[in-house]
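Everything on this sheet refers to the single structure shown next.
Chains as they are written, first to last, in this note's numbering: chain L, 43 to 283; chain B, 46 to 389.
So, in structure tokens, the structure goes:
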């Protein structure tokens, strides 16, 4: 899709992939509504991008809270215009340090589902309605290889991402022929705060930077027509092709 | 006149497609009971259904004027942090608007606090001292954040309880331009809209900044609706032109859509993809140039909405339709049943 002048909405936008992607979108001429829980960090990220000429906006909010969703969608549409691109990137790991399922508190599983599944569902529902009316739009759900592989201690996160993948497929089936597309994208491992939280002992020097991954993701969004709606895409494999 | 008053719906119902739909046919002079789910039977391939895709913003904001509490209802975004707004006195929606105490008088240049934000009254309208232009001294990000955190939907005394914001949105709402819900589209579920598209009905949108329907100030209420802004896209303009050229009917979902389409037509002499403002007033003597039919709520004689519906059917037929609705237990107001005025 053409990015110049479009309205984009990115969640989890104050750090890691979300921040890098927001900047890449702004650099490509999109107006970007950036959502994150931590207000101070979000405002700092927005200020940095504005200083470099980005048309970016801060919407503090928690995807896990029902009360925040209309504020996020409404503010975004007010600030950047009709949203043509939604990137559901905000994610919660579940229990940290990561736990076996037998040791996982039910509340930690609920939190992972609230942020990784129910929040994106609520937000997509608000954004997809006007997209279908206009006959165009793209929703990218950021997923993980933990959604297809049964990694020990990644149960809460993996189950929530598997459900998000399936939501992507069903939504794509229901909206076939409307001009609106949904994709699930696994960005692969990268050097983000979430990665450090999940695997504090990992060697960060071998991990790609969020900026490098965001560049590949932007390229994928530009060439979105290549994939059928509902597809699950592994970004690292696409880049290697 | 109608036999009995029509009771208001006091809360959203859970099955919008089961809600009642009164089909008034001005060509045949008939009135028929239907359900919303049957709307596809009343439309034909080549017809166009035009909705207002404005989202409803939480336009009722707490304010402080001269140290005492008041309510501000936003009316329209004028750009650059400026808004038309209406002051209300102490109290809230539970009191009938007409019975609310008068708001504190403000003067031009006065500082007020609205939704926790500093603002200045930059103009007081000659229509009413309650109608003002406010200028907010903050960036757009902080403005919208405060409005959504402190604001509540505008609502009236017939509703049973405080409405959460999600109860005043249509299923296709985008930009928050409306200060009251464009409620004619409230029962339109996506299953119904996608079914209409599959049968060859064009479903398109305009965005129209629906304003307040009542303020309790007689002079101001007499001037409503004030001029409102709207946007008509290229795709919508093309779909309507194509339908008109091939004999399809244009059905407006709600009076705001009539205002946008007919207002634009009146300004340009034809339908244009355009953004503009309209102060068009529609009543019994208005002859629509584009809109053939209207999907709307149930509005009793004497209301401004009833006046507007007379542009699409005679007062006699509408009064007969409303007597029928009253006798059959239809519900009125924004969460009530619907009426389709459309020739076969």
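We treat Cβ as the ideally placed atom computed from N, Cα and C, and that holds for glycine.
Predicted, not measured: the structure shown is a model, and the values here were computed from it.
Other residues of its chain near residue i: CB distance less than 6 Å, five sequence neighbours each side excluded
i                      : result
residue 188 of chain B : 181
residue 109 of chain B : 158
residue 235 of chain L : 57, 58
residue 163 of chain B : 182
residue 129 of chain L : 52, 182
residue 142 of chain B : 259, 261
residue 91 of chain L  : 65, 68, 98
residue 155 of chain B : 166
residue 161 of chain L : 105, 106
Buried/exposed call for residue i, threshold 16 Cβ in 10 Å
i                      : result
residue 263 of chain B : exposed
residue 191 of chain L : exposed
residue 267 of chain L : exposed
residue 111 of chain B : exposed
residue 203 of chain L : buried
residue 172 of chain L : buried
residue 136 of chain B : exposed
residue 90 of chain B  : exposed
residue 204 of chain B : buried
residue 281 of chain B : buried
residue 50 of chain B  : exposed
residue 160 of chain B : buried
residue 360 of chain B : exposed
residue 73 of chain L  : buried
residue 144 of chain L : exposed
Nearest-angstrom beta carbon gap, residue j and residue i [assumed within contact, 8 Å]
i                      : j                      : result
residue 69 of chain B  : residue 249 of chain B : In fact, because the Cβ distance is near 23 Å, the residues do not count as touching under 8 Å.
residue 192 of chain B : residue 257 of chain B : The Cβ separation is near 16 Å, so there is no contact.
residue 223 of chain L : residue 271 of chain L : 4 Å
residue 53 of chain B  : residue 377 of chain B : 5 Å
residue 99 of chain L  : residue 75 of chain L  : 5 Å
residue 86 of chain L  : residue 102 of chain L : The pair is not a contact, with the Cβ atoms about 12 Å apart (cut-off 8 Å).
residue 380 of chain B : residue 56 of chain B  : 6 Å
residue 275 of chain L : residue 70 of chain L  : About 19 Å separates the two Cβ atoms, so there is no contact after all.
residue 299 of chain B : residue 97 of chain B  : 6 Å
residue 168 of chain L : residue 208 of chain L : Not quite, the Cβ-Cβ distance comes to about 20 Å (not below 8 Å), so this is no contact.
residue 43 of chain L  : residue 180 of chain L : 6 Å
residue 148 of chain B : residue 202 of chain B : With 8 Å as the limit, residue 148 of chain B and residue 202 of chain B do not qualify as a contact, their Cβ atoms being about 17 Å apart.
residue 55 of chain L  : residue 84 of chain L  : 7 Å
residue 373 of chain B : residue 78 of chain B  : 6 Å
Residue i vs residue j beta-carbon contact at 8 Å
i                      : j                      : result
residue 210 of chain L : residue 226 of chain L : yes
residue 172 of chain B : residue 268 of chain B : yes
residue 66 of chain L  : residue 256 of chain L : yes
residue 142 of chain L : residue 194 of chain L : yes
residue 151 of chain B : residue 177 of chain B : yes
residue 24 of chain B  : residue 276 of chain B : In the structure as shown, chain B begins at 46 and stops at 389. Residue 24 of chain B is therefore absent and cannot be evaluated.
residue 272 of chain B : residue 324 of chain B : yes
residue 197 of chain B : residue 113 of chain B : no
residue 302 of chain B : residue 88 of chain B  : no
residue 96 of chain L  : residue 68 of chain L  : yes
residue 134 of chain B : residue 146 of chain B : yes
residue 100 of chain B : residue 220 of chain B : yes
residue 314 of chain B : residue 274 of chain B : no
residue 246 of chain B : residue 175 of chain B : no
residue 231 of chain L : residue 206 of chain L : no
residue 388 of chain B : residue 71 of chain B  : yes
residue 244 of chain B : residue 85 of chain B  : yes
residue 229 of chain L : residue 159 of chain L : no
residue 127 of chain L : residue 263 of chain L : yes
residue 153 of chain L : residue 108 of chain L : no
residue 329 of chain B : residue 356 of chain B : yes
residue 208 of chain B : residue 128 of chain B : no
Cβ shell of residue i (< 7 Å), same chain only, five flanking positions each side left out
i                      : result
residue 157 of chain L : 105, 106, 132, 133, 134
residue 354 of chain B : 339, 341, 344, 363, 386
residue 150 of chain L : 136, 137, 198
residue 210 of chain B : 103, 198
Neighbourhood of residue i by C-beta, 8 Å cutoff - its chain only, sequence neighbours within 5 removed
i                      : result
residue 74 of chain B  : 362
residue 80 of chain B  : 62, 63, 64, 65, 66
residue 241 of chain L : none
residue 206 of chain B : 56
residue 335 of chain B : 285, 289, 295, 306, 307, 310, 316
- Would you check if there are 3 or more beta carbon pairs closer than 8 Å linking the region 170-190 of chain L to the region 112-123 of chain B? no
- Task: Would you check if there are 3 or more beta carbon pairs closer than 8 Å linking the region 45-63 of chain L to the region 122-130 of chain L?
- Result: yes
- Query: Are the region 229-241 of chain B and the region 303-312 of chain B in contact at 8 Å, needing three or more beta carbon pairs?
  - Reply: no
- Do the region 137-146 of chain B and the region 219-232 of chain B make contact, defined as three or more Cβ pairs closer than 8 Å? no
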